[in-house]
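Trainee:
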Amino acid sequence: MTVNSEFSDLGDAVAEYVSDVSLTGAFIRSHSPLPVGTLVNLRFSMILDELEEVVGQGRVVRIVLEPQDEMGMGVEFLHLDHHSQIVIAKVVAKRSMFVS
84 MTVNSEFSDL GDAVAEYVSD VSLTGAFIRS HSPLPVGTLV NLRFSMILDE
134 LEEVVGQGRV VRIVLEPQDE MGMGVEFLHL DHHSQIVIAK VVAKRSMFVS
């Protein structure tokens, strides 16, 4: 699953990519993870049948500092617009088809 991140309101804090997307959150790989509790505005694109944008707000709930190639932060979704909720649900459903 290809994910392209765009976190313009976070400055240079996030210049990596989003992974491990679930209905409740995602992991954002970053060499400069934000502190736990930080509120973030999210905007990233996911490729399903076409490019779909996910927009919402989240909160950093954990950070990973080691190993260096896996640094990043777990972000809990606090609010996603309706379209984004549908996109995330489709991504999770599609992934579960391949895991089962």
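For what it's worth, the numbering used here labels the leading residue of the sequence shown as 84, then goes sequentially. Glycine included, C-beta positions come from ideal geometry on N, C-alpha and C. Keep in mind it's a predicted model, so treat the numbers as computed, not measured.
Going straight from the alpha carbon of Ser102 to that of Gly155, what length do you get?
Mentor: Distance between the alpha carbons of Ser102 and Gly155: 10 Å.
Trainee: Based on Cα-Cα distance, which residue from Gly120, Leu117, Glu159 and Asp132 lies nearest to Val174?
Mentor: Ranking Gly120, Leu117, Glu159 and Asp132 by Cα distance to Val174 puts Asp132 first.
Trainee: Can you tell me whether Arg145 is buried or exposed? The criterion is at least 16 other CB atoms within 10 Å of its CB, across all chains shown.
Mentor: Looking at its Cβ environment, which holds fewer than 16 other Cβ atoms inside 10 Å, Arg145 is exposed.
Trainee: Going by other Cβ atoms of all chains shown within 10 Å of its Cβ, with 16 needed for buried, is Met84 buried or exposed?
Mentor: Reliability of the predicted coordinates at Met84 is poor, the pLDDT of 28 falling under 50, and the value obtained from them is presented with this limitation in mind. Its Cβ having fewer than 16 others within 10 Å, Met84 is exposed.
Trainee: Distance, Cα to Cα, Gln140 vs Leu125?
Mentor: Rounded to the nearest angstrom, the two C-alpha atoms are 5 Å apart.
Trainee: Assuming Glu159 contacts Arg142 (C-beta within less than 8 Å), just tell me the rounded distance between them.
Mentor: Rounded, the Cβ-Cβ distance is 5 Å, consistent with contact.
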